[in-house]
Amino acid sequence: MKIYPIFIPHAGCPHRCLFCAQDRSTSQSVVPEVDEVDGWLENVLPLHGDGEIAFYGGTFSLLSLQQQDQYLSAAGRFVASGRVAGIRISTRPDALGDECIARLKASGVTTVEIGCQSFNNTVLASAGRGHTASDNISAIQRCLSTGFQVGVQTMPALPGSDTEEALVSLRQALKLKPSFVRIYPTLVIEGTELAALWKSGGYQPWTLDEAVDVCADMLFLCRQADIRVIRLGLQRDSELEKNLWAGPYHPAFGQLVRSRLWRRALFHASSHGKQLAVHPNDLSDVLGHCGENRDWLKKIKPEVRVIADKVVKRGFLRTSGRELPLTDLSAPGGHHG
Ligand code: SF4
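Sequential numbering from 371 applies to the sequence shown in this note's numbering.
Now the structure itself:
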């Protein structure tokens, strides 16, 4: 689905969370006026479309009621004329009371993205979030039962977190059956409290390889639960790259993670056959960013070849006449080089 993002950095936020610098993570650092939003949408939206207008980067449901109403009315006009199908907001779990949920629903909001980050109360407290895991659970359940599409944002590697916490938190989220998930491994960005903590030696970010490995486990769990992951890692942005102090950032982070799952699949499948076939559209992820999986395979199993064959289903790998799904071949654990 096409998203038309309107960035409202920190608008509505009751305070700054330890890790967050929305105004330094993207090139849009100013909250737009309603008429600017209106003009931009007028220019970018097709005459008919099934996308969503999305308000990101702040706590939408804690804006003043008047401001929420103005933004939603502006967006609603484009929904009414068929130029988009819906409106999406992102907010905090403790800013979604029953009255607020009912108001958002009545104003035409179709998708709510909830910044849960973790389901561990100690981690949430260290990150200065100001809400608990039960706020996450309650907000997700009530938004789902109101009929919204619900997205859950998670942040592995917050202070006090480890691999186990990341996976336990994600499992908690998946049990609630959200519509989709976003996974943002924690980065250290200039101007945040986390940057000061890191500088004083009080926080150790994950390495890129660690983050890719844990996020591959997370992606595996989501696929197993049949829940879409719509984003892995922060979007590439020159402002973010300028202000990034430390942490597992990579402009192609999503591909690194998907390729890590394929690497696990190649490892298992290569013990059953010398020719591994995948769908052509999967080939780039299978071979890896800059061919890293291809080079790795050449080193550990030089006799094995990967070929593209459009007969193989997407997300499957054929070896010795059998087609196996990636989810069966890429379970966490084991050594894959
Ligand atoms: S993480 Fe969310 S609630 Fe916290 S400061 Fe950033 S935008 Fe606001």
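Glycine included, every Cβ here is placed at the ideal spot set by N, Cα and C.
Beta-carbon within less than 7 Å of residue i's beta-carbon, same chain only, minus the 5 sequence neighbours each way: which residues are those?
i	result
residue 630	582, 583 and 586
residue 387	497, 498 and 499
residue 453	415, 416, 417, 418 and 419
Based on the DSSP output, what are the partners of residue i in its beta bridges?
i	result
residue 374	423
residue 460	483
residue 521	483 and 550
residue 686	695
residue 648	678
residue 598	550
residue 558	616
Should residue i be labelled buried (16 or more other beta-carbon atoms within 10 Å of its own) or exposed?
i	result
residue 681	exposed
residue 660	exposed
residue 412	exposed
residue 525	buried
residue 423	buried
residue 371	exposed
residue 691	exposed
residue 651	exposed
residue 634	buried
residue 434	exposed
residue 689	buried
residue 385	exposed
residue 400	exposed
Does the distance between the C-beta of residue i and the nearest non-hydrogen atom of the ligand SF4 fall short of 7 Å?
i	result
residue 458	no
residue 470	no
residue 390	yes
residue 428	yes
residue 513	no
residue 380	yes
residue 552	no
residue 387	yes
residue 521	no
residue 383	yes
residue 530	no
residue 394	no
residue 633	no
residue 601	no
residue 462	yes
residue 485	yes
Skipping 5 residues on each side, what residues in its chain have a beta carbon closer than 6 Å to that of residue i?
i	result
residue 514	520
residue 618	555, 576, 578 and 581
residue 598	550
residue 640	671 and 674
residue 477	442
residue 565	558 and 615
residue 649	682 and 684
Sorted by chain position, which residues of the same chain lie with C-beta nearer than 8 Å to residue i's C-beta, five sequence neighbours on each side aside?
i	result
residue 541	591
residue 475	516, 517 and 518
residue 662	629
residue 432	382, 383, 384, 461, 462 and 465
residue 560	391, 394, 613, 614 and 615
Against chain B, with Cβ distances strictly below 8 Å, would residue i count as a contact?
i	result
residue 589	In the displayed structure, chain B is absent; only one protein chain is listed.
**Study point:** Any 3 or more C-beta pairs closer than 8 Å across the stretch 381-394 and the stretch 442-449
**Key:** no
Practice item. Kindly confirm or deny that the stretch 602-609 and the stretch 552-571 touch, where touching means at least three C-beta pairs closer than 8 Å. Key: yes
Point to revise | Any 3 or more C-beta pairs closer than 8 Å across the stretch 457-465 and the stretch 407-421 | key: no
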